[in-house]
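If you want my numbering, it's the position in the sequence shown, counting the first as 1, plus 95.
Note that CB positions come from ideal geometry on N, CA and C, so glycine has one too.
Quick caveat, the model's predicted, so the values are computed rather than measured.
Below is one structure, written out as structure tokens; comments come after it.
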Amino acid sequence: MTAKLTRRVFLSGLSALIPVGTAWANAPATSLRPQPRSARAVKLASGGVESVVARAGLRGEVVCAVAHAETGLELEALGGGKGLPPASVAKALTALYALETLGASYRFETSLVATGGVANGVVQGDLILLGGGDPTLDTDGLARLAANLKAAGVREVRGEFKVCDGALPFVASIDPDQPDHVGYSPAVSGIALNFNRVHFEWKRSGQGYSVAMDARTEKYRPQVDIARMKVMKRSLPVYTYADKQGRDQWTVASGALGKGGARWLPVRKPAAYAGDVFRTLARSNGIVLKAAKTTRVLPKGGQVLAVHESVDLQKIVQNMLKYSNNLTAEMVGMSATVARGKKPANLRASGQEMSSWAATRYGMSGTRLVDHSGLGDASRMTPQDLVGALVAARKTVDLRPLLKTFPMRDSKGRVDKSHSIRVDAKTGTLNFVSGLGGYMTAGDGTEMAFAIFTADTKTRSRIKRADRERPEGARAWNRQSKRLQQALIERWGRVYGS
Numbered sequence: 096m097t098a099k100l101t102r103r104v105f106l107s108g109l110s111a112l113i114p115v116g117t118a119w120a121n122a123p124a125t126s127l128r129p130q131p132r133s134a135r136a137v138k139l140a141s142g143g144v145e146s147v148v149a150r151a152g153l154r155g156e157v158v159c160a161v162a163h164a165e166t167g168l169e170l171e172a173l174g175g176g177k178g179l180p181p182a183s184v185a186k187a188l189t190a191l192y193a194l195e196t197l198g199a200s201y202r203f204e205t206s207l208v209a210t211g212g213v214a215n216g217v218v219q220g221d222l223i224l225l226g227g228g229d230p231t232l233d234t235d236g237l238a239r240l241a242a243n244l245k246a247a248g249v250r251e252v253r254g255e256f257k258v259c260d261g262a263l264p265f266v267a268s269i270d271p272d273q274p275d276h277v278g279y280s281p282a283v284s285g286i287a288l289n290f291n292r293v294h295f296e297w298k299r300s301g302q303g304y305s306v307a308m309d310a311r312t313e314k315y316r317p318q319v320d321i322a323r324m325k326v327m328k329r330s331l332p333v334y335t336y337a338d339k340q341g342r343d344q345w346t347v348a349s350g351a352l353g354k355g356g357a358r359w360l361p362v363r364k365p366a367a368y369a370g371d372v373f374r375t376l377a378r379s380n381g382i383v384l385k386a387a388k389t390t391r392v393l394p395k396g397g398q399v400l401a402v403h404e405s406v407d408l409q410k411i412v413q414n415m416l417k418y419s420n421n422l423t424a425e426m427v428g429m430s431a432t433v434a435r436g437k438k439p440a441n442l443r444a445s446g447q448e449m450s451s452w453a454a455t456r457y458g459m460s461g462t463r464l465v466d467h468s469g470l471g472d473a474s475r476m477t478p479q480d481l482v483g484a485l486v487a488a489r490k491t492v493d494l495r496p497l498l499k500t501f502p503m504r505d506s507k508g509r510v511d512k513s514h515s516i517r518v519d520a521k522t523g524t525l526n527f528v529s530g531l532g533g534y535m536t537a538g539d540g541t542e543m544a545f546a547i548f549t550a551d552t553k554t555r556s557r558i559k560r561a562d563r564e565r566p567e568g569a570r571a572w573n574r575q576s577k578r579l580q581q582a583l584i585e586r587w588g589r590v591y592g593s
């Protein structure tokens, strides 16, 4: 086999086996000619990938690419060079960016720093809670910091209590076009707590409701003052948000509350939130602090009294890919940009830096990202770009073990345990946008890298901001897209897995 073949070869409908992108490896010496093994395989191959897409009847655009994972030889593509919103599939690139820049063993640090020295257990100057870009810091971690401060012999702070979040740029919301109340689009800065979400709980109390706003974990439930909730007699809107008097001021419609419940709301003031909670935890250790003041100016010098370390970056990235946490993606992505000597003003600038890196590192010339999580729908990624990166990255970063394994399903949506295809990939879902990219192994052991992006951008553009949490028709469209993704994977496994 040579590197260049005709558009259709072997069977009617097989796409060209053409290597794409400078990052892809040379063609294999032996043929990848498929050997149909059943009537189902013939049906899957019939008409090529275009027919699979046509039969799905999905409204909008569909682009995809698949390549032999070891050689990089492209096996099939449809619109492979066209960019669509990748949604959370972008996190796969963010994972490579962070791991290659910072290293798998990198750990984030959150510190307590004293200015003016410590004498006889008294901090003579200020106490600073210094954020180091850790996206995983939670109330438990702050509690350990407070306990370690006490263990260091500190019993009093004469100066101010400050929280510094200047390690990363401040962003009020990952995607400002999202509704105010969705927990997946919180603020971003150099310090985060509980993924910058506050727990809102309500219960029936007489003719009204009792409400609580706290920073809970399994061990702690400290009440917070920085975020407040007021129940209003109305049906809609369900939530309103305002920045008032230095606090996140929320209202909720009584008509939407029922008997009781809870949900996580986004935090717009991460530094003030962390300071609020730490002050409560310090008090429980006998250390009374003044109300927290926030600063973006990193301290020069000072005595480090206690340090909280995150788990290593590889574990953080693995959880990011598994749970698709947007805040984690933005913080590790921006941390990588800062480590590269850049000073991004916002997420878009950092996303552009990652895009430039990807173009240089992996030849991803058709990719333009506005963030690291994929939440912003202005991002564009081509399937051939992602597949090329997934192939090339195998030599430096073994991403596949960090990706989530997805089971194949039968026609009724049930897990099909008899299926021989294994898929390890990153999903991406926005309203009327769906993606899947990663690695698959056919029944005979043939390993492939693939990417599938689908989008109905016209319908998405017509959704009102207030309706973007659950717009009409979005779930049905996304289910249809996922069925198409499986049909393509089945085709590739049957046709090229031989």
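{"Check": "Would you call the CB atoms of T389 and V218 closer than 8 angstroms?", "Outcome": "no"}
{"Check": "Do V306 and V372 have their beta-carbon atoms positioned less than 8 angstroms apart in this structure?", "Outcome": "no"}
{"Check": "Starting from Q344, trace the alpha helix (DSSP H) both ways and give me its first and last residue.", "Outcome": "No alpha helix (DSSP H) holds Q344; the beta strand (DSSP E) holding it covers R342 to A348."}
{"Check": "Quick check: the region 283-301 against the region 355-370, are at least 3 beta-carbon pairs closer than 8 angstroms?", "Outcome": "yes"}
{"Check": "Between T549, D519 and L525, which lies nearest to T536 when the distance is taken from Cα to Cα?", "Outcome": "D519"}
{"Check": "So S183 and S419 are supposed to be a Cβ contact under 8 angstroms. How far apart are they, rounded?", "Outcome": "5 angstroms"}
{"Check": "State the DSSP-derived secondary structure class of P496, mapped to helix, strand or coil.", "Outcome": "helix"}
{"Check": "Taking just the CA atoms, how far does K328 sit from K490?", "Outcome": "60 angstroms"}
{"Check": "Using three-state DSSP, classify E564 as helix, strand or coil.", "Outcome": "coil"}
{"Check": "Check whether the Cβ atoms of L197 and A544 lie closer than 8 angstroms to each other.", "Outcome": "no"}
{"Check": "Can you give me the Cβ contacts of G176 inside the same chain, cut-off strictly under 7 angstroms, excluding the 5 residues immediately before and after it?", "Outcome": "G461, T477 and Q479"}
{"Check": "Please go through the same chain and pick out, in chain order, the residues whose beta-carbon is closer than 7 angstroms to the beta-carbon of R560, but skip the five residues on each side of it.", "Outcome": "D272 and P274"}
{"Check": "Near A424, what residues of its chain come up, given a Cβ to Cβ distance below 7 angstroms and the 5 sequence neighbours on each side ignored?", "Outcome": "K186, T189, M415, H467 and S468"}
{"Check": "Rank E564, A241, T346 and A367 by C-alpha distance to the C-alpha of L470 and give the top, closest one.", "Outcome": "E564"}
{"Check": "Relative to the C-alpha of V283, which candidate in R311, P230, C159 and V208 has its C-alpha closest?", "Outcome": "P230"}
{"Check": "Straight-line CA distance for T166 to G483?", "Outcome": "11 angstroms"}
{"Check": "Got a sec, what are the start and stop residues for the beta strand (DSSP E) S40 sits in?", "Outcome": "Nothing about residue 40 can be reported from this structure: the residues present for the chain run from 96 to 593 only."}
{"Check": "According to DSSP, is R435 part of a helix, a strand, or is it coil?", "Outcome": "coil"}
{"Check": "Just the Cα atoms here: how many angstroms apart are K298 and L352?", "Outcome": "9 angstroms"}
{"Check": "Among H514, K521 and K499, which has the Cα closest to the Cα of S506?", "Outcome": "H514"}
{"Check": "If you measure between the beta carbons of W587 and F527, is that distance less than 8 angstroms?", "Outcome": "no"}
{"Check": "Could you give the DSSP three-state label for S268: helix, strand or coil?", "Outcome": "coil"}
{"Check": "Rounded to a whole number of angstroms, what is the C-alpha to C-alpha distance between M503 and A386?", "Outcome": "53 angstroms"}
{"Check": "Could you check the C-alpha separation between I113 and L498 for me, to the nearest Å?", "Outcome": "Summary for I113: the model assigns pLDDT 32, below 50, so the residue's position carries little reliability, and this model does not support an answer."}
{"Check": "Rounded to whole angstroms, what's the CA-CA distance from R495 to F501? Just pull it up for me.", "Outcome": "12 angstroms"}
{"Check": "Tell whether a beta-carbon distance below 8 angstroms holds between A162 and N380.", "Outcome": "no"}
{"Check": "Whole angstroms are fine: how far does the CA of G303 sit from the CA of R574?", "Outcome": "39 angstroms"}
{"Check": "Just to confirm the assignment, what range does the beta strand (DSSP E) spanning R292 have?", "Outcome": "R292 to S300"}
{"Check": "Beta-carbon separation of G220 and A209 under 8 angstroms?", "Outcome": "yes"}
{"Check": "Return the Cβ separation of L225 and P394 in integer angstroms, given the expectation that the two are a contact with Cβ distance under 8 angstroms.", "Outcome": "7 angstroms"}
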